[in-house]
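Participant:
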Amino acid sequence: MNRWAGRAFVSLGIAALAGCGAPGEGGFGVGDMLLTAGTTQTPPQAAETRDVYCPTVDVMAGGSVIRAGGVDGGSVRSQISLGDLARECVGQPDGGTLVRVGVEARALLGNAGSAGRYDVPVQIVVKDGSTVFANRSRRVAAAIPAGQTQTTVSIVEEGIVVPASSANNFEIEVGLGTRAATGRRG
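Note that my numbering has the sequence shown beginning at 1, numbered continuously upward.
#1: Flag this pair as yes or no: are the beta carbons of Pro125 and Arg87 separated by less than 8 angstroms?
#2: Using the three-state DSSP reduction, which class does Ala134 fall into: helix, strand or coil?
#3: At what residues does the beta strand (DSSP E) containing Tyr118 begin and finish?
#4: Does Ser165 come out as helix, strand or coil in the three-state DSSP assignment?
#5: Would you give the residue range spanned by the beta strand (DSSP E) that Val52 belongs to?
#6: Going by CA-CA distance only, name the one from Ile155, Gly129 and Gln150 that's closest to Arg136.
#7: Comparing C-alpha positions only, which one of Val140, Val101, Gly62 and Val52 sits nearest to Asp94?
Here's what the structure looks like:
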């Protein structure tokens, strides 16, 4: 037998062996042993469910803007306002939901402001009625360089777990500042 015919024969043999114990047949064949380097199958992993309830992000009452100055006819020094809001909800094998919330804020200089660092306090609350699953306050510094009038900062809060009992009926609220989550912006 020539060299090419031998290689073709070996290739066909491996292909035939790989077909033994094909997925869905319930067996564990030689092909599986070649692929897994042994006789034991890897246990199936619990799959995450991505098609789950994921409510829109609401803004807490009075939580969309923080303004410094500009009160009683004074000039505005700075203003911090909410920008884009995002969320991701991933179903878990136990029926619960893992939530991630993203918040963008923009710091703007007013006519009486100056370049520098501005504190941006953000509160993120995930709840079902009066049951609060997460109430997280984060602070990030927004640095506005000399010659600029604004900057944007982002915060991503991860690892918020909503139990299975509330997986289809929870709320996500965000706001600037550190106030209790009692209402939504109208």
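All residues carry an ideal CB built from backbone N, CA and C; glycine is no exception.
Facilitator: Concretely, from the data shown:
#1: On the sequence shown, position 125 is the one that residue 125 refers to. On the sequence shown, position 87 is the one that residue 87 refers to. The question names Pro, but residue 125 is Val in the sequence shown. Cβ distance not < 8 angstroms, so Val125 and Arg87 don't count as in contact.
#2: Position 134 of the sequence shown, counted from the first residue, corresponds to residue 134. Residue state, collapsed to three classes: strand.
#3: By 1-based counting over the sequence shown, the position of residue 118 is 118. Looking at the DSSP string, the run of the beta strand (DSSP E) that includes Tyr118 is Gly116 to Asp128.
#4: Counting from 1 along the sequence shown, the entry for residue 165 is found at position 165. Ser165 carries a helical assignment under DSSP once its states are collapsed to helix, strand and coil.
#5: Numbered from its first residue, the sequence shown carries residue 52 at position 52. Unbroken run through Val52: none, as it is neither H nor E.
#6: As a first step, residue 136 must be located in the sequence shown, where it is residue number 136. When only C-alpha atoms are compared, the closest one is Ile155.
#7: Here residue 94 corresponds to residue number 94 of the sequence shown, with the count starting at 1. Here the closest residue by C-alpha is Val52.
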